[in-house]
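K.L.:
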Ligand SMILES: *Cc1c(COP(=O)(O)O)cnc(C)c1O
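Structural data, given as structure tokens:
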């Protein structure tokens with residue numbers, strides 16, 4: 002048994018605030034009763050503010066992966082072509098899912114150090130004269146790399162190509178931490194999950210769906226049942242769901258929405274930007290490399306740090322977990338053991354960040370990883386001077 006609080010600094014699940022835990026600590030209510038309808042309607046209405054949308058937001062009791070599947074099966078028919086961009090591991094998993102479901106993904110290759118290339122997407126679409134491509138899928142913040150893609154640029158490229166494909170964006174690790182504007186950016190289907198920027202435990206996932214995507218789903222899509230948007234629309238009108246919703250998590254969601262709106266979304270995004278910058282200053286001061294090579298695309302939700310060649314990231318993470326009771330994100334797939342990831346999203350403040358960075362710096366020293374001291378100091382200087 003360890004004393005003190007564990008530091009959960011993986012880029013999701015993130016730290017759930019005590020206010021959200023308290024909101025969930027109550028008896029489950031009748032999900033067909035009148036009180037639930039009023040409650041459900043409020044949640045379904047207010048969640049739209051977090052997505053910055055007027056579109057319908059569907060809530061599934063599922064991990065984020067479920068909302069990926071819902072997005073694909075509602076608008077694609079077997080054999081349909083879908084353009085997907087390899088930004089990292091999460092884009093790769095979404096593509097594998099599309100394969101399994103019998104769609105035909107065109108996977109545009111990336112090197113895991115840059116964001117989605119909007120120009121290249123535009124070129125692919127212009128070459129698709131017969132409009133075989135039905136959707137373009139991009140991960141807004143690929144959590145495996147700490148790289149954010151420029152979604153307005155992708156939208157612009159699609160419009161410039163005059164291509165009718167739907168734009169579908171995974172915001173599982175950005176919604177509620179990095180600015181994401183569903184309507185202004187013209188995103189047809191947004192995929193999100195509860196356990197990262199949304200401050201909740203895992204277990205809820207979301208699709209925000211444009212009228213255009215709803216129409217596509219009305220007329221076609223793949224065979225589906227649990228994920229069918231159409232079955233949700235009727236019950237949602239009065240705040241209900243077609244099956245038992247995750248009532249306890251919805252109490253938490255109500256509270257999380259209130260917390261984000263009380264702070265103000267702009268302030269939430271600014272807080273994440275500031276913590277992202279402080280973290281990057283620490284990494285540079287250590288003399289280590291940030292995986293993201295384009296400073297315009299640095300993720301403000303997490304930072305992936307490249308290890309010196311002679312040391313593995315997993316050994317460092319073990320040293321830090323054993324010695325200082327802090328969990329850091331592991332390197333996934335192509336960057337396994339080469340990077341570790343520092344999560345700085347969700348319910349987080351300056352001193353939590355300093356605890357995190359001190360833990361990393363002590364870990365580097367204890368594990369014998371070549372670095373310069375002073376990363377935590379550099380972050381402290383920035384935080385102290387930039388209120
Ligand atoms: C975490 C994550 C997922 C997977 O979500 P689960 O809740 O684990 O199913 C997908 N995409 C991104 C960008 C993620 O960060």
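Residue numbers (this note's numbering): 2 to 388.
The beta-carbon is built from N, C-alpha and C at its ideal position, and this holds for glycine as well.
These numbers were taken from a predicted model, which means no experiment stands behind them.
#1: Does ligand 1 have even one heavy atom less than 7 Å from the beta-carbon of residue 142?
#2: Do the stretch 90 to 99 and the stretch 214 to 232 touch if we need at least three Cβ pairs shorter than 8 Å?
#3: Buried or exposed: where does residue 245 fall if 16 or more other Cβ atoms within 10 Å of its Cβ makes it buried?
#4: Return the chain-ordered ranges of every beta strand (DSSP E) run that is complete within the stretch 185 to 230 and spans a minimum of 3 residues.
#5: Please state the DSSP three-state secondary structure of residue 396.
#6: Is residue 226 near ligand 1, judged by its Cβ being under 7 Å from some heavy atom?
#7: Could you tell me which of 303, 168 and 176 sits nearest to residue 207, measuring between CA atoms?
#8: Could you tell me if residue 106 is buried or exposed, where buried requires 16 or more neighbouring beta carbons within 10 angstroms of its beta carbon?
#9: Taking just the CA atoms, how far does residue 378 sit from residue 290?
#10: I'd like the list of long-range same chain contacts for residue 75, defined as Cβ closer than 6 Å, with 5 residues on each side in sequence excluded.
#11: How should residue 318 be labelled, buried or exposed, when 16 other C-beta atoms within 10 angstroms of its C-beta is the threshold for buried?
#12: I want to know whether the stretch 53 to 65 touches the stretch 172 to 186 - three or more CB-CB distances under 8 Å.
#13: Once the 5 residues before and after residue 380 are set aside, which same chain residues still bring their CB inside 6 Å of it?
#14: So, for residue 255: in the same chain, excluding its five sequence neighbours on each side, which residues have a beta-carbon less than 6 Å away from its beta-carbon?
#15: Assuming residue 21 contacts residue 253 under a Cβ cut-off of 8 Å, what Cβ separation, rounded to an integer in Å, is found between them?
#16: For residue 224, which option in 127, 71, 236 and 215 has the closest C-alpha, if you only look at C-alpha atoms?
#17: Looking only at DSSP bridge pairs, what is residue 290 linked to?
#18: From residue 114 to residue 160, what does the alpha carbon distance come to, in whole angstroms?
#19: Taking only the alpha-carbon atoms, compute the straight-line gap between residue 213 and residue 190 and give it to the nearest angstrom.
#20: For ligand 1, I want to know if residue 97 counts as a neighbour, meaning its beta carbon is within less than 7 Å of at least one of the ligand's heavy atoms.
#21: Looking at the strands, I want to know which residues DSSP matches up with residue 59.
#22: Can you give the beta carbon distance from residue 152 to residue 188, rounded, assuming they're within the 8 Å contact cut?
#23: If you run the structure through DSSP and keep just helix, strand and coil, what is residue 106?
#24: Could you check if residue 10 belongs to the surroundings of ligand 1, using beta carbon to heavy atom distance under 7 Å?
#25: Counting along the chain, where does the beta strand (DSSP E) carrying residue 343 start and finish?
#26: Rounded to the nearest angstrom, how far is the Cβ of residue 368 from that of residue 198, given a contact under 8 Å?
#27: Are residue 103 and residue 80 touching if we call contact CB-CB under 8 Å?
#28: Within a Cβ cutoff of 8 Å, which residues of the same chain sit near residue 354, ignoring the five residues on either side of it in sequence?
#29: Does the stretch 155 to 171 touch the stretch 30 to 46, meaning 3 or more C-beta pairs lie closer than 8 Å?
#30: Answer yes or no: the CB of residue 177 versus the heavy atoms of ligand 1, is any distance below 7 Å?
P.N.:
For this structure:
#1: The residue you call residue 142 lines up with position 141 of the chain shown. Correct: residue 142 has its Cβ closer than 7 Å to ligand 1.
#2: Flag = no, the stretch 90 to 99 and the stretch 214 to 232 do not touch.
#3: In the chain shown, the residue the question calls residue 245 occupies position 244. Burial call: exposed.
#4: 190 to 194 and 205 to 210
#5: One cannot answer for residue 396 here, as it falls past the ends of the chain, which runs 2 to 388.
#6: Reading the chain shown from its first residue, position 225 is the one you call residue 226. No, since every heavy atom of ligand 1 falls outside the 7 Å radius drawn around the Cβ of residue 226.
#7: As a first step, residue 207 is located in the chain shown; it is residue number 206 there, counting from the start. For residue 207, the nearest C-alpha among the options comes from 176.
#8: On the chain shown, position 105 is the one that residue 106 refers to. Under this definition residue 106 is a buried residue.
#9: On the chain shown, position 289 is the one that residue 290 refers to. On the chain shown, position 377 is the one that residue 378 refers to. Residue 290 and residue 378: Cα-Cα distance of roughly 18 Å.
#10: As a working mapping, residue 75 is identified with position 74 in the chain shown. If we look at residue 75 and ignore the five residues flanking it on each side, its Cβ neighbours are 218, 222 and 230.
#11: Taking the chain shown and counting its residues from 1, one reaches residue 318 at position 317. It is buried - the Cβ of residue 318 has at least 16 other Cβ atoms within 10 Å.
#12: yes
#13: On the chain shown, position 379 is the one that residue 380 refers to. Hits under 6 Å: 279, 282, 283 and 358.
#14: The residue given as residue 255 occupies position 254 in the chain shown. Closer than 6 Å at Cβ, skipping near neighbours: 44.
#15: Position 20 of the chain shown, counted from the start, is the residue given in the question as residue 21. Position 252 of the chain shown, counted from the start, is the residue given in the question as residue 253. The Cβ separation is near 5 Å, so the contact holds.
#16: Translated into positions along the chain shown, residue 224 becomes position 223. Per the C-alpha coordinates, the member of 127, 71, 236 and 215 positioned closest to residue 224 is 71.
#17: Locating residue 290 in the chain shown gives position 289, where the first residue counts as 1. Answer is 307.
#18: Along the chain shown, one-based indexing puts residue 114 at 113. Along the chain shown, one-based indexing puts residue 160 at 159. Looking at the two C-alpha atoms, the distance is approximately 26 Å.
#19: Position 212 of the chain shown, counted from the start, is the residue given in the question as residue 213. Position 189 of the chain shown, counted from the start, is the residue given in the question as residue 190. The straight-line gap from Cα to Cα measures roughly 10 Å.
#20: One-based indexing of the chain shown puts residue 97 at position 96. Answer for residue 97: no, Cβ out of range of ligand 1.
#21: Here residue 59 corresponds to residue number 58 of the chain shown, with the count starting at 1. Beta-bridge partners of residue 59 (DSSP): 208.
#22: One-based indexing of the chain shown puts residue 152 at position 151. One-based indexing of the chain shown puts residue 188 at position 187. Their Cβ separation, rounded to whole angstroms, is 7 Å, which keeps residue 152 and residue 188 in contact under 8 Å.
#23: For the purposes of this step, residue 106 is taken as residue 105 along the chain shown, with counting starting at 1. Residue 106 falls in the strand class under three-state DSSP.
#24: Position 9 of the chain shown holds residue 10. Not under cutoff, so the answer is no.
#25: The residue you call residue 343 lines up with position 342 of the chain shown. Per DSSP, residue 343 belongs to the beta strand (DSSP E) from 340 to 344.
#26: Mapped onto the chain shown, residue 368 falls at position 367. Mapped onto the chain shown, residue 198 falls at position 197. Actually they do not touch by this definition, with Cβ atoms about 30 Å apart.
#27: For the purposes of this step, residue 103 is identified with residue 102 of the chain shown, where counting begins at 1. For the purposes of this step, residue 80 is identified with residue 79 of the chain shown, where counting begins at 1. Yes, the Cβ-Cβ distance between residue 103 and residue 80 is below 8 Å.
#28: To locate residue 354, count along the chain shown from 1; it is residue 353. These residues qualify, in order along the chain: 276, 279, 280, 345, 380 and 384.
#29: Between the stretch 30 to 46 and the stretch 155 to 171 there are fewer than three C-beta pairs closer than 8 Å, too few to call the two in contact.
#30: Residue 177 sits at position 176 when you count from the first residue of the chain shown. Not so, every heavy atom of ligand 1 lies at least 7 Å from the Cβ.
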